[in-house]
Structure formats: structure tokens, C-alpha cells
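Asker: Quick note: the sequence shown, position 176, residue 183 per the working numbering, numbers continuous. Beta carbons are placed, not taken as given, at the ideal position from N, Cα and C, and that holds for glycine.
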Amino acid sequence: MGFKFGSFDDICATASLWFAAIYAGLVTATYACLLINGFVGFQFAEDGTPMSLWGLRVACLVFFALSFFVSIATFKGFAGFDYSKPIGLYIVYLLWPILCVLVYVVLQLILVVRTLDDRWPIGDILFGASFFAVAQILLFAFSVTICDAVQHYIDGLFFYTLCMLLAVMMVYKYWDSITKEDLEFSVGSKQSVWEIKDPLLAPENDYGLDDSKSAYGPPGSTYQGHPASLVGGVSGQAYYGGGGGHGYPPHQGYGH
């Protein structure tokens with residue numbers, strides 16, 4: 008008796024559709040997150056508040072669901088979508104990322120020019136946008152040329168991924184350059200701004216106190232009219248300064 012489960016190719020083809028839809032949804036949600044973060048610097052909602060965080064999460068979830076639905080509907084050919092005319096898929100997968108990047112770049116340029124004295128972050132923005140543009144050109148214009156030139160070992164997708172990685176790094180570098188906190192894995196060169204909480208590491212401690220008074224004795228305690236010290240019960244000024252018959256060199260009659 009034999010059991011027929013279907014061909015392996017059919018199973019892979021069906022699974023690849025769902026994975027492709029998930030990937031398209033993640034891409035759309037990622038660019039939506041980038042776009043929303045572009046408005047954070049304008050303080051429409053204070054960064055770190057529940058309103059800001061949950062607004063970002065809900066928006067990303069909505070865009071993921073929308074792109075996922077459009078992808079599946081296009082692949083399966085229902086809800087008015089057609090596999091031969093994937094206009095909706097082009098919009099959410101190709102046009103939407105470009106629109107998000109353009110709006111993000113414009114917003115950050117306005118933010119830097121209007122609020123910051125330092126203009127170096129503009130370079131980070133331009134480098135990131137350039138890497139993004141080069142990635143699109145390599146993927147859609149020169150992918151086949153690259154693939155044929157290297158005998159199909161790699162294609163434009165390899166260089167596209169590399170350029171997108173550099174673009175993401177520049178986004179992080181830009182964020183690091185406009186924030187005060189200096190993280191452990193920061194790529195910036197700013198000095199650390201962490202506060203010292205340990206009193207033993209504080210710059211003001213009892214090692215810098217004058218020897219004319221004790222740091223540990225009770226308030227107002229003296230020895231033969233001189234403030235107490237940690238050494239010998241008298242202050243260094245009294246011991247070496249000649250106060251009370253105990254100066255240095257010893258007065259006449261000392262030691263009799």
C-alpha cells in the first residue's frame with residue numbers, strides 16, 4: 008500500500024509563498040518603524056512614553072498585516088488581486104520603502120539644521136541615503152550583469168545586502184551622534200557622560216583634606232589646643248610647626 012503526500016516541489020512552492028509574504032510584511036513594517044522614528048525628534052509624542060512605544064508597535068503590526076495580506080492575496084489571486092498584475096505588491100514592497108527613506112532623510116535634515124549646532128550628523132544621513140540608493144541600483148539594474156560576470160556564483164543581491172547593512176550602520180551612527188548617552192558599543196568618539204554613583208570613586212573625598220584637622224575624630228576634638236590628626240593624635244602643623252613645645256627641631260628643654 009502506498010501513500011501519496013504530493014511532490015516535494017509542490018510543498019516547497021507552497022511554503023515559499025508564505026515565507027515570501029512574511030518577509031514582505033517584515034520589510035514593510037521595518038520601513039514603517041524607520042518613518043515613525045523620523046518624527047520622534049519633533050516630540051509629537053515624548054520618546055519612551057507608553058503612548059510613543061505602543062503607537063510604534065501597533066503601527067508596525069498594522070503595516071506587517073497589510074503587506075502580508077497583499078502578498079498572499081496576490082500570490083493566491085483572491086480579493087481582487089491578480090498574480091499577473093502585482094500592482095499592490097509593487098506598492099508595499101518597492102514604492103513604500105523608497106517613500107519612507109525619502110521622508111526620513113528630509114525630516115532628519117530639517118531636525119539637524121533647525122535644532123543642532125553640529126553639522127556632522129548631516130554626513131551620516133547622506134552616507135546612509137547613498138548606500139540605500141546604490142543598493143537599489145545594484146539589485147535592479149546590474150544584478151544580471153554581475154551574475155554573468157562571476158559565472159553565477161553571486162549576483163546583485165549580495166552587494167545589495169552589503170550596501171543595506173552599511174545604510175543601517177549609518178542610521179545607527181547618526182542616532183549615536185545626536186544623543187548624549189555614550190553606550191558601550193557606541194561607534195562615536197564622545198567622552199563618557201556616565202555619573203559616578205560610588206562615593207569612594209567620587210572626586211571629592213577626605214584624601215584632599217588639610218592635615219590641620221581630623222577627618223575621623225569627633226567634631227571640635229583637640230590635642231593640647233591643636234586639632235587632632237590621624238598621626239600621633241596631633242596635627243602635622245602642630246607637630247612640625249613648633250606649637251606647644253613639640254616643634255621641630257625640639258626646643259631647649261625638650262626631652263628632660
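1. For E191 and V151, what's the separation of their Cα atoms in angstroms?
2. By DSSP, does K187 sit in helix, in strand, or in coil?
3. Taking just the CA atoms, how far does L96 sit from S78?
4. What did DSSP end up calling D162 once you bin it into helix, strand or coil?
5. Given this structure, state the Cα-to-Cα distance separating A156 from T168, to the nearest angstrom.
6. Short check: CB of V120 to CB of P128, under 8 angstroms?
7. With distances taken Cα to Cα, identify the nearest neighbour of I29 among F49, N44, F71.
8. Under a Cβ-count criterion, where at least 16 other Cβ atoms within 10 Å of its own Cβ denotes burial, should S184 be classed as buried or exposed?
9. Secondary structure at D54, three-state DSSP: helix, strand or coil?
10. Please say whether C107 and L41 have beta carbons closer to each other than 8 angstroms?
11. Can you tell me where the alpha helix (DSSP H) with A140 in it begins and where it stops?
12. Counting Cβ pairs closer than 8 angstroms, one from the region 164-183 and one from the region 140-150, do we hit at least three?
13. Could you tell me the distance, in whole angstroms, from the CA atom of E270 to the CA atom of V47?
14. Leaving aside the five residues before and after F134 along the sequence, list all residues of the same chain whose C-beta is less than 7 angstroms from its C-beta, in chain order.
15. As a quick exercise: from A22, H159, T122, V175, pick the residue whose alpha carbon is nearest that of S137.
16. Find the nearest neighbour of I43 within the set T21, L114, T122, judged by alpha-carbon distance.
17. Would you kindly work out how many angstroms separate the C-alpha atoms of A31 and R126, rounded to a whole number?
Answerer: A quick look at the data gives this:
1. As a position in the sequence shown, residue 191 is number 184, starting the count at 1. As a position in the sequence shown, residue 151 is number 144, starting the count at 1. Low confidence applies to E191: its pLDDT is 49, below 50, so where it sits in the model is not reliable enough to give any reading.
2. Along the sequence shown, read from residue 1 onward, the residue named residue 187 stands at position 180. In this structure, K187 counts as coil in the three-state DSSP scheme.
3. Locating residue 78 in the sequence shown gives position 71, where the first residue counts as 1. Locating residue 96 in the sequence shown gives position 89, where the first residue counts as 1. Cα-Cα distance, rounded: 6 angstroms.
4. Within the sequence shown, numbered from 1, the residue matching residue 162 stands at position 155. Here D162 sits in coil by DSSP.
5. As a working mapping, residue 156 is identified with position 149 in the sequence shown. As a working mapping, residue 168 is identified with position 161 in the sequence shown. The alpha-carbon atoms of A156 and T168 are separated by roughly 19 angstroms.
6. If you number the sequence shown from 1, residue 120 lands on position 113. If you number the sequence shown from 1, residue 128 lands on position 121. No; because the gap between Cβ atoms is not below 8 angstroms, this pair is not in contact.
7. As a first step, residue 29 is located in the sequence shown; it is residue number 22 there, counting from the start. The candidate whose alpha carbon is nearest that of I29 is F71.
8. As a working note, residue 184 is residue 177 in the sequence shown. Looking at its Cβ environment, which holds 16 or more other Cβ atoms inside 10 Å, S184 is buried.
9. Residue numbering aside, residue 54 sits at position 47 when the sequence shown is read from its first letter. Three-state result, D54: coil.
10. Along the sequence shown, one-based indexing puts residue 41 at 34. Along the sequence shown, one-based indexing puts residue 107 at 100. Yes, Cβ-Cβ distance for L41 and C107 is below 8 angstroms.
11. Position 133 of the sequence shown, counting from 1, holds the residue named residue 140. Where A140 is concerned, the enclosing alpha helix (DSSP H) stretches over 127-147.
12. yes
13. Within the shown structure, residues of the chain are numbered from 8 to 263, placing residue 270 beyond reach of any answer.
14. For this step, residue 134 is matched to residue 127 along the sequence shown. These residues qualify, in order along the chain: M177.
15. Along the sequence shown, read from residue 1 onward, the residue named residue 137 stands at position 130. Looking at the Cα atoms, V175 is the closest of the given residues.
16. In the sequence shown, residue 43 corresponds to position 36, counting from 1. Nearest option by C-alpha distance: L114.
17. Along the sequence shown, read from residue 1 onward, the residue named residue 31 stands at position 24. Along the sequence shown, read from residue 1 onward, the residue named residue 126 stands at position 119. Their backbone Cα atoms lie some 35 angstroms apart in a straight line.
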